[in-house]
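With the first letter of the sequence shown counted as 1, position 462 gets the number 464 in my numbering; the numbers rise by one all the way through.
Ideal placement from N, C-alpha and C gives every residue a C-beta, glycine not left out.
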Amino acid sequence: MSVSRSDSSLELELSCPVCFHLFSEPVTLPCGHTYCLNCLEKTKTSAAPGCKGQYCCPECREMYQGSEALQKNFKLRNVVESYRASVRQTDCGVIEKECLETFSQTGECCASSLNKRSDHREEVEAERKNGQDTDEQRSKLANMIKDLKTKIAFVEDVLSKEVERQTAVKTVNSALRADVARVIEEMMELMRSYSIAGMELIEGELRPKEEALGRRVKYVSDLHKRLKEMEIQAGTLLLEWDKTTFCEGLLETEAQVTTLMVEEPPVEMPEDTGEMHTIMTRVCAEFEQRNAQLRVDLGASQRALRAVLNPSEVTFDPDTVHSSLLLSEDLKTASFSVTKQPYPARAERFTSFLQVFSSQSFSSGEHRWGVKVEGCPWVVGVCYRGLPRSGMGSGLESSGHAWCLMWCDNLLRAYEQGQETPLKRTPALNRMEILLSFSQCTLAFYSISNVSGAKTHLHTFKTGFTEPVYLAVRMMSGQPKAHITLCQ
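Encoded structure:
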């Protein structure tokens, strides 16, 4: 034989004692003996009848607990694979050399040896192919695990972002719920106060007459009771047969009866419908005043609620409006009034120009407003609270703290901190959209078509506001039907 004795000994050591082939998927028992996994499964025998799950080693008969006791021998498997690779490289040359040497001695022996080696080579090749198939499957599984890890990392990143987003949304929503609950509680408190005050007003007007009637009823009831008692007393005296006792009792009874007969019940009061009408008229007048105040207070609460639900909510400020401008009940429209309105005198009120501020100020976020103007030239924009309220410097276009557009005589102009920029001739412009972005430091104006609703860019101011800004409008002339309306 040309194969060295050491190689034969190594192949013997690397062979399964059951199938006598090189180990395939070797596993080691707790006793230390090693077998092919398939061979051990085929030869597995129970340790004793009735001992389910316990089996014996084919060589030493030591017991072990089923498949969970089998340890895969990866190191031995690698050694076997290495040996197979070395055999594949040398096997063909060895076989040819052995056949030539043997054939010189005897052709028959050579043929026999060649056939045996050919069979062995087929077995080795089959085992190699099985090993390659297993390796390919393991490589495929390893790639699947790698892909899974990549996918897991991606999903974990998405999950982390979604959890952060969920937390942020819950925080914002919790604050929104608290603000809404606060405003609604204020509205409920207004209604409770209105209800209590209203009932106290009614009671104050109705209770005096009820108390007077109660006193009359009590007086008549007491008189009736004393008369009944005297009737019983006189009847008892009438049955008295002792002359002395009768005479004494008669004198006393006569005096008491005389006193009672003198007392007269109150004169019956005539129905006085006029008095009740007077009372109800007074109550109605008082309720009207309270209703007016309630409408004002509830209106403020409703606007506060709208501001909570819509941070861009905007209304005109009654404390700044010029006395020749009349505000609608919802504070969304300012109309020219020939008659000056009796507004309270306030330092915040405009007196030189037909101007008005918004009640709300804005210092962050993104905001969008619509403005509709009818019947007058106008100035629309934003400015700081410190704009003067009287004099030439109180005009929006003249202020160093205002950013606005002016439409007058069919000309459109932009004013930035008092500096004029002519834009273009515009025959008609009565609908606009204003976009205020604090993140982009821009204030943009667009015209809105009355027919198609299409937007056309007019002008954009680029500036960083250093104070909260207010929406402000101005009518440049007083026309009977002129009005400016704020739209969402």
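Test item: CB-CB of N412 and T428 under 8 Å: As a position in the sequence shown, residue 412 is number 410, starting the count at 1. As a position in the sequence shown, residue 428 is number 426, starting the count at 1. Contact: yes.
With 16 other Cβ atoms within 10 Å as the buried cut-off, status of I97: Translated into positions along the sequence shown, residue 97 becomes position 95. The pLDDT assigned to I97 is 47, lower than 50, so where the model puts this residue is not dependable; a value taken from the coordinates is nonetheless given after this. When all chains shown are included, I97 counts as buried.
Spatially closest choice to R194 from W409, R292 and C62, by CA coordinates: Taking the first residue of the sequence shown as 1, we reach residue 194 at position 192. Looking at the Cα atoms, R292 is the closest of the given residues.
Beta-carbon proximity list for L102, same chain, < 6 Å, skipping 5 on both sides: As a first step, residue 102 must be located in the sequence shown, where it is residue number 100. Here L102 scores only 43 on pLDDT, less than 50, and its place in the model is too uncertain to base an answer on.
Terminal residues of the beta strand (DSSP E) in which M394 lies: Here residue 394 corresponds to residue number 392 of the sequence shown, with the count starting at 1. From DSSP, M394 is part of no beta strand (DSSP E); its letter is neither H nor E.
F359 and A474 closer than 8 Å at C-beta: Position 357 of the sequence shown, counted from the first residue, corresponds to residue 359. Position 472 of the sequence shown, counted from the first residue, corresponds to residue 474. It is a contact, given that the beta carbons lie within the stated cut-off.
Contacts around G393, its chain only, beta-carbon distance under 8 Å, and the 5 residues preceding and following it disregarded: Counted from its first residue, the sequence shown places residue 393 at position 391. Within the same chain, G393 has close Cβ partners S354.
Supposed contact pair I204 and V285 - C-beta distance, whole angstroms, cut 8 Å: Residue mapping note: residue 285 aligns to position 283 of the sequence shown, counting from 1. Residue mapping note: residue 204 aligns to position 202 of the sequence shown, counting from 1. That belief holds up - the Cβ atoms of V285 and I204 are roughly 7 Å apart, short of 8 Å.
Pair within 8 Å by beta-carbon distance, V471 and F364: Here residue 471 refers to the residue found at position 469 when the sequence shown is read from its first residue. Here residue 364 refers to the residue found at position 362 when the sequence shown is read from its first residue. Yes, the pair counts as a contact, with Cβ atoms nearer than the cut-off.
Selection from K74, D319 and H226 that minimises the alpha carbon distance to E265: Here residue 265 is taken as the residue at index 263 of the sequence shown, counted from 1. E265 has its Cα closest to that of H226, out of K74, D319 and H226.
Minimum C-alpha distance to G200 - residue among E27, S361 and E288: Here the question's residue 200 lines up with position 198 in the sequence shown. Ranking E27, S361 and E288 by Cα distance to G200 puts E288 first.
Boundaries of the beta strand (DSSP E) in which G372 is found, first to last residue: By one-based count along the sequence shown, residue 372 stands at place 370. Element bounds for G372: E368 to E376.
Outcome for E290 when other beta-carbon atoms lying within 10 angstroms are tallied against a minimum of 16: The count along the sequence shown starts at 1 and reaches residue 290 at position 288. Exposed, since its Cβ has fewer than 16 Cβ neighbours within 10 Å.
Enclosing alpha helix (DSSP H) for E254 [first to last residue]: Here the question's residue 254 lines up with position 252 in the sequence shown. Looking at the DSSP string, the run of the alpha helix (DSSP H) that includes E254 is K245 to V264.
Bridge-paired residues (DSSP) for F318: By 1-based counting over the sequence shown, the position of residue 318 is 316. For F318, which the question treats as bridged, DSSP gives the partners S360.
Candidates Q442, K142 and K172: closest to T465 by CA position: Working through the sequence shown from its first residue, we reach residue 465 at position 463. Per the Cα distances, Q442.
Expected contact under 8 Å - CB spacing of L460 and L414 to nearest Å: Here residue 460 corresponds to residue number 458 of the sequence shown, with the count starting at 1. Here residue 414 corresponds to residue number 412 of the sequence shown, with the count starting at 1. 7 Å between Cβ atoms; contact.
Alpha-carbon to alpha-carbon, G237 and F248: Residue mapping note: residue 248 aligns to position 246 of the sequence shown, counting from 1. Residue mapping note: residue 237 aligns to position 235 of the sequence shown, counting from 1. Roughly 12 Å separates the two Cα atoms.
E61 and H35 closer than 8 Å at C-beta: In the sequence shown, the residue the question calls residue 61 occupies position 59. In the sequence shown, the residue the question calls residue 35 occupies position 33. Cβ distance < 8 Å, so E61 and H35 count as in contact.
With 16 other Cβ atoms within 10 Å as the buried cut-off, status of S11: For the purposes of this step, residue 11 is identified with residue 9 of the sequence shown, where counting begins at 1. Exposed, since its Cβ has fewer than 16 Cβ neighbours within 10 Å.
The region 305–312 contacting the region 175–186, beta-carbon criterion three pairs below 8 Å: yes
Start and end residues, alpha helix (DSSP H) containing E43: Translated into the one-based positions of the sequence shown, residue 43 becomes position 41. L39 to T45 is the span of the alpha helix (DSSP H), which, as asked, contains E43.
Endpoints, the beta strand (DSSP E) within which S479 is located: Along the sequence shown, read from residue 1 onward, the residue named residue 479 stands at position 477. Neither: S479 is in no beta strand (DSSP E) and is coded neither H nor E.
Segment contact, 8 Å Cβ cut-off, at least three pairs: the region 65–78 with the region 27–43: yes
Whole-angstrom C-beta distance between A349 and R391, which should lie under 8 Å: In the sequence shown, counting from the first residue as 1, residue 391 sits at position 389. In the sequence shown, counting from the first residue as 1, residue 349 sits at position 347. Confirmed, about 7 Å.
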